[in-house]
Amino acid sequence: MKRLENYQKPCNNDTHGYDGPIAISNGGSITPLAQDFLRASDAIGVPYSDLETAHASEIWAKYINRHTGRRSDAATAYVHSVMDVQDNLYLRTNSRVSRVIFEGNKAVGVAYVPARNRAHQGQVVETIVRARKYVALSSGTLGTPQILERSGVGNAELLKKMDLKVVSDLPGVGEQYQDHYTTLSLYRVSNESFTLDNFLRGDKDVQRELFQEWEVSPEKARLSSNAIDAGFKIRPTEAELKEMGPEFNKLWDKYFKDKVIRSVRAYADHSLLPPGNYITMFQYLEYPASRGNIHIKSPNPYVEPSFDSGFMNNKADFAPIRWSYKKTREVARRMDAFRGELTSHHPRFHPASPAATRDIDIETAKGLLPNALTVGIHMGTWHAPGDKYDASKVHEDIKYTEEDDKAIDDWIADHVETTWHSLGTCAMKPREEGGVVDSRLNVFGTENLKCIDLSICPDNLGTNTYSSALLVGEKGADILAQDLGLKIRVPHAPVPHAPVPTGKPASQLVR
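Following numbering that gives the first Met the number 0, the numbering of the sequence shown begins with 0 at its first residue and continues without gaps.
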């Protein structure tokens, strides 16, 4: 992990790496709204700290180079920059791998096809690439299991139905699909607050100002950010656990009880809605109990697969998201900038319930439109503006009834989203337990074939999976090199738009 990381946040410990290709920073300026969020989080008992703990809030770290204001992406760091200085890495674009070529159970190459099947009147025209040593699949949680199945590696019953020769009977291929779940609740903030709303609405003056700021001083620029400003990881109290029901408590005992670094996570960032300024609270579940699957429907690589995300198919997943919604709502209500809830983006509570959402206050409404006659209906809401909000007077949490909890669960079912953190469909675990690869990434029942991507994760991860994917790649490279008896040379590959390293070229170093 240290090898890939260029940690740019203030830090005085040896947890992080400081010379790798992937920069991590706060991403430009820290916004007043982020500071407001941290103060309000502290007001509900979530203190500010680094997130080595599991009950704390923090300014959110981002994969952004603070010197350039640009994202640190894997393609630039590991592919394009290496191709600039080495001639033994080839990249075939606009193509997709259709299958692995086997001789017996030994992988000897791959077949690939054009990414779009437009020129061959429906025929599958393959190009074969031979492998002298190994074939390594890194097509991701959705792509790798499909390639394996088209190659004859997977559930034998499924493969035989499609007249595919079975190379290795592995029922676990394509199973146990997992993701991180999120719901988004939107809140109004004061007209004086800085958000990116007007930038995203296309306000030319605002866009010109922010782009100029970014071009001149990217290390301070407000655009040097992914707009995820701050967040917290929290754990429920004993009383809250009882309220969350037996389904989640079983999950708690398995995943969380004795693992204090595991938590529910929430984010706050900006969103686009007219008119006014807004923030979005993300309720973010990293250890869902629900599972899905993905399988091919045809040997033809252009035929879309059968995919069941499995979202919310385990009732245990409702309780932590419901609880997180309540927590983030309490933080929002205690922010000084809070000016109401966008009711169209919240559960449909009964109007007489103490939990009913409150939209914009009259003072903020008058500042948005003359007489504020239409402010409340732009996103399907219809609420008369109320009194001005005062965070200093919010001392008690909202009380929710069973009816309110059902409204939240209905909202979750309708609005839960993916975070593009897919994993688990070619798990590293024993074959008899549904595993697909062993501890050295070898596909069971085959030779010279490895999977090196997030599909190998046997269970979920309490983190953004970008770092995890990079880590799997780094470790996979080490394992391949060991199996081949090679020592890996770190190429001299400065990332574009970043300061060029000085001193002895890294290509002369052996690790």
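For glycine and all other residues, C-beta sits at the position ideal for the given N, C-alpha and C.
Go to residue 307, then tell me how far its beta strand (DSSP E) extends in each direction, as first and last residue.
DSSP places residue 307 in the uninterrupted beta strand (DSSP E) bounded by 305-307.
Short check: CB of residue 348 to CB of residue 406, under 8 Å?
Yes.
If we call anything under 8 Å between Cβ atoms a contact, is residue 55 one with residue 326?
In this structure, residue 55 lies away from residue 326, with their beta-carbon atoms at least 8 Å apart.
Can you grab the Cα-Cα spacing for the pair residue 487 / residue 36, in whole Å?
Residue 487 and residue 36: Cα-Cα distance of roughly 45 Å.
Using alpha carbons as the reference points, say which of 363, 443, 439, 79 lies closest to residue 191.
The candidate whose alpha carbon is nearest that of residue 191 is 363.
Could you compute how far the alpha carbon of residue 334 sits from the alpha carbon of residue 355?
Taking the straight line from one Cα to the other gives about 19 Å.
Are residue 304 and residue 296 closer than 8 Å when you measure CB to CB?
Going by C-beta atoms, residue 304 is nearer than 8 Å to residue 296.
Length of the line joining the Cα atoms of residue 151 and residue 484
Near 29 Å, if we compare the C-alpha coordinates of residue 484 and residue 151.
Could you check the C-alpha separation between residue 165 and residue 435 for me, to the nearest Å?
If you take the alpha carbons of residue 165 and residue 435, they lie about 15 Å apart.
Grab the span of the alpha helix (DSSP H) containing residue 31 for me, first residue to last.
It spans 31-42 - the alpha helix (DSSP H) in which residue 31 sits, taken as one unbroken run.
Can you tell me the Cα-Cα spacing of residue 447 and residue 415, whole angstroms?
One C-alpha to the other measures close to 40 Å.
So, are the CB atoms of residue 110 and residue 126 less than 8 Å apart?
In this structure, residue 126 lies closer than 8 Å to residue 110 by Cβ.
For residue 179, the nearest candidate out of 103, 320, 209, 94 (CA to CA):
For the options 103, 320, 209, 94, the alpha carbon positioned closest to that of residue 179 is the one of 320.
Which residues does DSSP pair with residue 450 in a beta bridge?
Its beta-bridge partners are 136.
Need the endpoints of the alpha helix (DSSP H) that residue 367 sits in, please.
Taken as a continuous stretch (DSSP letters only), the alpha helix (DSSP H) holding residue 367 covers 361-367.
What does the Cβ neighbour count give for residue 323, buried or exposed, with the cut at 16 atoms within 10 Å?
Answer is buried; the Cβ neighbour count reaches 16.
Note the first and the last residue of the continuous alpha helix (DSSP H) segment covering residue 464.
According to the DSSP assignment, residue 464 belongs to the alpha helix (DSSP H) that extends over 464-483.
Over what stretch of residues does the beta strand (DSSP E) that includes residue 183 continue unbroken?
Taken as a continuous stretch (DSSP letters only), the beta strand (DSSP E) holding residue 183 covers 180-188.
Where residue 350 falls, given that 16 or more other Cβ within 10 Å makes a residue buried:
Result: exposed.
Cβ shell of residue 74 (< 8 Å), same chain only, five flanking positions each side left out
Nothing listed; no residue qualifies.
Is it buried or exposed, residue 412, if we count other Cβ atoms within 10 angstroms and call 16 or more buried?
Classification of residue 412: exposed, given that the 10 Å Cβ count is below 16.
Relative to the alpha-carbon of residue 147, which residue among 274, 284, 426, 345 has its alpha-carbon at the smallest distance?
Distances from the alpha-carbon of residue 147 to those of 274, 284, 426, 345 put 426 closest.
Does the region 62-73 touch the region 91-107, meaning 3 or more C-beta pairs lie closer than 8 Å?
Contact fails: fewer than three Cβ-Cβ distances are below 8 Å.
When 317, 171, 330 are compared against residue 394, the one with the closest alpha-carbon
Per the C-alpha coordinates, the member of 317, 171, 330 positioned closest to residue 394 is 330.
Separation of residue 184 from residue 282, as counted between CA atoms:
Going from the Cα of residue 282 to the Cα of residue 184 covers about 8 Å.
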